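Peer 1: Let me begin by handing over the structure; questions about it come next.
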Amino acid sequence: MRAPNRSIDRSCTGLVLAAGAGTRYGRPKVLAEGGAWLRSAVAALREGGCDPVVVLLGATGPDPAAAGLDPATAWHWVPDWATGLSATVRAGLGVAAAAGTRYVAILPVDIPDMNARVVSRVLDAALRNPAGLARAVFHDTPGHPAVIENKHWTGVLATAVGDKGAGSYLGTRQDMVCVTCDDLATGADRDFPGVGAR
1 MRAPNRSIDR SCTGLVLAAG AGTRYGRPKV LAEGGAWLRS AVAALREGGC
51 DPVVVLLGAT GPDPAAAGLD PATAWHWVPD WATGLSATVR AGLGVAAAAG
101 TRYVAILPVD IPDMNARVVS RVLDAALRNP AGLARAVFHD TPGHPAVIEN
151 KHWTGVLATA VGDKGAGSYL GTRQDMVCVT CDDLATGADR DFPGVGAR
């Protein structure tokens, strides 16, 4: 007898980490290039297969207009953003849990050349991996996005402290798929105006 066809939950919340003050950059990176980085990050996640996409705000305050956010874009303010990246990751996982999605795709706002093809490739890899973990790699260096299934969120929360986000947990996982994306983007984050970082 043939087993019934059950649909697999492939839902993924895209999280744009945009709460920081951007001290080295000179202002919150959510405002960089007139909001171009923010728009690029949101579009990459949305077009790459994430729904919903949520921007996590902090240093610009609880008013999305202050961050130049499009009124149609979902957002969440992280009141304890100043305690470090971990606060933003924790808030994002809480949003994803409330949305009932199975996966999160985590993407910082400061990767200007991020695009939907990178997100789609990493998300597809996570969906194929029984462990539900995948991360973009650029020139042998771990980068973003990272896609994490909900069965790992407790582990992420347990290791996310101060300025350490999901990376501490992911670094311990031998079952994470590293997805080479050199052909699609540089994946370089920007810490200072006018120059690439990393």
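Heads up: the sequence shown runs through residues 1 to 198, numbered per the UniProt record's numbering.
For each residue, glycine too, the CB sits at the ideal point set by N, CA and C.
Here the structure is a predicted model, which means the values were calculated and not measured.
What does a CB cutoff of less than 8 Å around residue 164 pick up in its chain, not counting 5 residues either side in sequence?
Peer 2: For residue 164, where only same-chain residues beyond five positions count, the Cβ hits under 8 Å are 84, 85, 86.
Peer 1: To which residues does DSSP link residue 77 through a beta bridge?
Peer 2: For residue 77, which the question treats as bridged, DSSP gives the partners 57.
Peer 1: Could you tell me if residue 187 is buried or exposed, where buried requires 16 or more neighbouring beta carbons within 10 angstroms of its beta carbon?
Peer 2: Buried.
Peer 1: Going by DSSP in three states, residue 27 sits in which element: helix, strand or coil?
Peer 2: Note: residue 27 maps to coil in three-state DSSP.
Peer 1: List the whole-angstrom C-beta distance separating residue 112 from residue 190, where the pair is believed to meet the contact cut-off of C-beta under 8 Å.
Peer 2: Rounded, the Cβ-Cβ distance is 6 Å, consistent with contact.
Peer 1: Please determine, among 56, 72, 129, the residue with the shortest C-alpha to C-alpha distance to residue 174.
Peer 2: It is 129 whose Cα lies nearest to the Cα of residue 174.
Peer 1: Go ahead and pull the three-state DSSP assignment for residue 137.
Peer 2: Reduced to three states, the DSSP call for residue 137 is strand.
Peer 1: Please state the DSSP three-state secondary structure of residue 167.
Peer 2: In the structure shown, residue 167 sits in a helix (DSSP, three-state: H, G or I).
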